[in-house]
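Its first residue numbered 153, the sequence shown is counted upward by one per residue in this note's numbering.
Read the structure below first, then the notes.
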Amino acid sequence: MHNHACSNIGNITSQKGEVAAREDSPFAFWGPTPMEARKAAVAKKKGLHDKRTTLKEAVATHIKDGINLGIGGFVNTRVPVAIIHEIIRHGARDLTLSFQSNSICVELLAGAMILDPDHVSIKRIELAWYGYEVIGIAPLFRYLMANGMIELDDYTNYGMSARFKAGAMGIPFIPTRDHGGSDMELLNRGKMIECPFSKENAYLVPACHPDVGIVHVPMADKYGNCRIFGALCTCPEIAQAATACIVTTEQIIPNENIRNYPNLTEIPYPVVDSVIEQPFGSTPGACYGYYWFDMPHFQEFRSVCDEFRKTGNKDKLKAYYDQHIFGVDDFDGFLAQKPYKLLKELRLQDGMQPIIKD
């Protein structure tokens, strides 16, 4: 594989049979077109109203077959695991997954697809990176690609971030300095042009607008104003580029606290549709200021996935889902399976890094 300066390598299949409403565009976006996203943004209520709800209600409202799902976080950091669990219980087929870099969230959806493609399935992925970093590559990604089960649109880390930035800015594309002059030009749907000002080459990447963005943040108020500490992980751009956004948060804080430090708000309330207070909502991932990575759990799940990839035997994979996802009613049920000492240790390993709640 490669480091973060590069991207996953895969073959891109041609686009056929796109949604009829998007076929008229000269470029087939794998989600809402910039015009569709703009119309959705203008139509949203702009007043302050209470957006607190449950994960079941939020997923039932926003997650449908055939949508583009934008996944926040970065690899193992502040990934929206709680929402993914609920999506798997709810079911969603023919998904397009859009993300900068991710690990367990996408693998969880891939495993659900392998176990029951009539309940959860992935049609295609647009991404920069899909793997676990220090503990190894993603076995189910290898399996899906080796068996031609998904389409891939592959960018560098910067390129995919720029795509979400373009979506957040409301522009249909954005020029970048990378991709051009390398194999990356063969692996994604960007275009090389001559700059009309400098006459030099400029590589254009298309805006990415998910139908639904899912992010986990340290804290938010009931209206959807979100604070993020540590790396932002492209979450503000994903939230603003998406036509709808579901946010889980470690804790909901008063709006008065948000107003005390307005400069700490990284995701503004108008782009957020649902807010769910879910402590440990990223575990086994980490959330700055709250808890560290649960590496043994990552290793357990990855090992189960890799055994399936090598043997084709689904027994252990099915047992994992039966215990941790389908065997519980909600994410609190998943957390209840973890010993208190483990959760306490994950908090201590984070080092209680500085955050502002007031």
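Glycine is no exception: its CB is placed at the ideal position from the N, C-alpha and C atoms.
Check for me: the alpha helix (DSSP H) holding residue i runs from which residue to which?
{"i": "Lys275", "result": "First-last for Lys275: Val272 to Leu279, but that is the beta strand (DSSP E), not the alpha helix (DSSP H)."}
{"i": "Pro291", "result": "Pro291 to Ala298"}
{"i": "Phe316", "result": "Asn309 to Met321"}
{"i": "Lys493", "result": "Tyr492 to Asp502"}
{"i": "Asp335", "result": "Asp335 -> no alpha helix (DSSP H), and no H or E assigned at all."}
{"i": "Gly485", "result": "Phe483 to Ala488"}
{"i": "Asn377", "result": "First-last for Asn377: undefined, no H or E at that position."}
{"i": "Leu304", "result": "Note, Leu304: premise wrong, no alpha helix (DSSP H); beta strand (DSSP E) at Glu303 to Asp306."}
{"i": "Val231", "result": "Counting along the chain, Val231 falls outside any alpha helix (DSSP H), and DSSP gives it neither H nor E."}
Can you tell me whether residue i is buried or exposed, with buried defined as 16 or more other CB within 10 angstroms of its CB?
{"i": "Asp330", "result": "buried"}
{"i": "Val456", "result": "buried"}
{"i": "Tyr413", "result": "exposed"}
{"i": "Gly263", "result": "buried"}
{"i": "Ile323", "result": "exposed"}
{"i": "Tyr492", "result": "exposed"}
{"i": "Gly169", "result": "Bear in mind that a pLDDT of 36 at Gly169, under 50, signals an unreliable position, so the model cannot answer this."}
{"i": "Val424", "result": "buried"}
{"i": "Phe349", "result": "exposed"}
{"i": "Gln505", "result": "exposed"}
{"i": "Ala372", "result": "buried"}
{"i": "Thr165", "result": "With a pLDDT of only 33 at Thr165, under the threshold of 50, the placement of this residue in the model should not be trusted; the figure read from the coordinates follows. Per the 10 Å Cβ criterion, exposed."}
{"i": "Asp305", "result": "buried"}
{"i": "Arg379", "result": "buried"}
{"i": "Ala244", "result": "buried"}
{"i": "Tyr479", "result": "In the sequence on display, residue 479 carries Gly and not Tyr. By the neighbour-count rule (16 or more Cβ atoms within 10 Å), Gly479 is not buried but exposed."}
{"i": "Asn299", "result": "exposed"}
Please look up how many angstroms separate the CB atoms of residue i and residue j, rounded, as I've assumed it's under 8 Å.
{"i": "Glu285", "j": "Val227", "result": "5 Å"}
{"i": "Lys208", "j": "Val427", "result": "Not a contact, Cβ separation roughly 14 Å."}
{"i": "Glu402", "j": "Phe316", "result": "In fact, because the Cβ distance is near 23 Å, the residues do not count as touching under 8 Å."}
{"i": "Ile223", "j": "Val258", "result": "7 Å"}
{"i": "Val364", "j": "Ile398", "result": "7 Å"}
{"i": "Pro370", "j": "Ile507", "result": "6 Å"}
{"i": "Met312", "j": "Leu279", "result": "6 Å"}
{"i": "Pro232", "j": "Gly433", "result": "7 Å"}
{"i": "Ala234", "j": "Gln430", "result": "5 Å"}
{"i": "Ala391", "j": "Val367", "result": "6 Å"}
{"i": "Gly441", "j": "Asp502", "result": "7 Å"}
{"i": "Leu267", "j": "Leu469", "result": "6 Å"}
Candidates the options: which alpha carbon is nearest residue i's?
{"i": "Met447", "options": "Ile507, Val456 and Pro436", "result": "Pro436"}
{"i": "Arg241", "options": "Tyr375, Phe181, Gln430 and Tyr473", "result": "Tyr473"}
{"i": "Tyr295", "options": "Pro327, Gln505 and Arg461", "result": "Arg461"}
{"i": "Asn309", "options": "Gly225, Ile256, Pro348 and Asp246", "result": "Gly225"}
{"i": "Val194", "options": "Thr395, Phe445 and Thr400", "result": "Thr395"}
{"i": "Tyr375", "options": "Ala192, Phe179 and Thr205", "result": "Thr205"}
{"i": "Gln252", "options": "Trp281, Asp270, Gly441 and Lys191", "result": "Trp281"}
{"i": "Leu249", "options": "Pro269, Asn299, Glu303 and Pro406", "result": "Glu303"}
{"i": "Pro362", "options": "Gln451, Gly441, Gly503 and Cys387", "result": "Cys387"}
{"i": "Phe179", "options": "Ala192, Asn340 and Ile419", "result": "Asn340"}
{"i": "Asp246", "options": "Asn254, Arg276, Ile256 and Glu352", "result": "Arg276"}
{"i": "Pro420", "options": "Leu495, Ala192 and Lys198", "result": "Lys198"}
{"i": "Gln489", "options": "Lys496, Lys466 and Gln475", "result": "Gln475"}
{"i": "Ile404", "options": "Asn377, Arg411, Glu418 and Phe381", "result": "Asn377"}
{"i": "Phe381", "options": "Asn407, Arg411 and Glu418", "result": "Glu418"}
Which residues in the same chain have their Cβ closer than 7 Å to the Cβ of residue i, if we skip the five residues on either side of it in sequence?
{"i": "Glu337", "result": "His331 and Met344"}
{"i": "His237", "result": "Ile477, Phe483 and Phe486"}
{"i": "Thr229", "result": "Ala383, Cys385, Gly437 and Ala438"}
{"i": "Asp458", "result": "Pro291"}
{"i": "Arg454", "result": "Tyr284, Ile287, Gly288 and Pro291"}
{"i": "Lys512", "result": "Residue 512 is absent from the model: the chain starts at 153 and stops at 510."}
{"i": "Leu260", "result": "Ile236 and Ile240"}
How would you write the range of the beta strand (DSSP E) that residue i sits in, first residue to last?
{"i": "Ser250", "result": "Ala244 to Asn254"}
{"i": "Met447", "result": "Premise fails: Met447 lies in the alpha helix (DSSP H), Met447 to Thr463, not in any beta strand (DSSP E)."}
{"i": "Ala396", "result": "Ala396 to Ile404"}
{"i": "Ala383", "result": "Segment: none, Ala383 is in no beta strand (DSSP E) and carries neither H nor E."}
{"i": "Lys343", "result": "Lys343 to Glu346"}
{"i": "Pro358", "result": "Asn353 to Pro358"}
{"i": "Ile287", "result": "Here Ile287 belongs to no beta strand (DSSP E), and DSSP marks it neither H nor E."}
Near residue i, what residues of its chain come up, given a Cβ to Cβ distance below 6 Å and the 5 sequence neighbours on each side ignored?
{"i": "Asp510", "result": "Asn409"}
{"i": "Met265", "result": "Val272, Ser273 and Ile274"}
{"i": "Tyr355", "result": "Thr328, His331, Gly332, Gly342 and Met344"}
{"i": "Arg499", "result": "Tyr443"}
{"i": "Leu200", "result": "Tyr375"}
{"i": "Glu346", "result": "none"}
{"i": "Gly319", "result": "Ala359, Cys360, His361 and Ala393"}
{"i": "Ala157", "result": "Residue confidence for Ala157 is low, a pLDDT of 40 falling below 50, so the modelled location carries little weight; the figure read from the coordinates is stated next. Counting only Cβ-Cβ distances below 6 Å, and skipping sequence neighbours, we find nothing."}
{"i": "Ala192", "result": "Thr395"}
Less than 8 Å between C-beta atoms, sequence neighbours within five positions excluded: which residues of the same chain meet that for residue i?
{"i": "Ile326", "result": "Ala314, Arg315, Lys317, Ala318, Leu356, Val357 and Ala359"}
{"i": "Phe450", "result": "Asn228, Ser255, Ile256, Tyr284, Ile287 and Pro436"}
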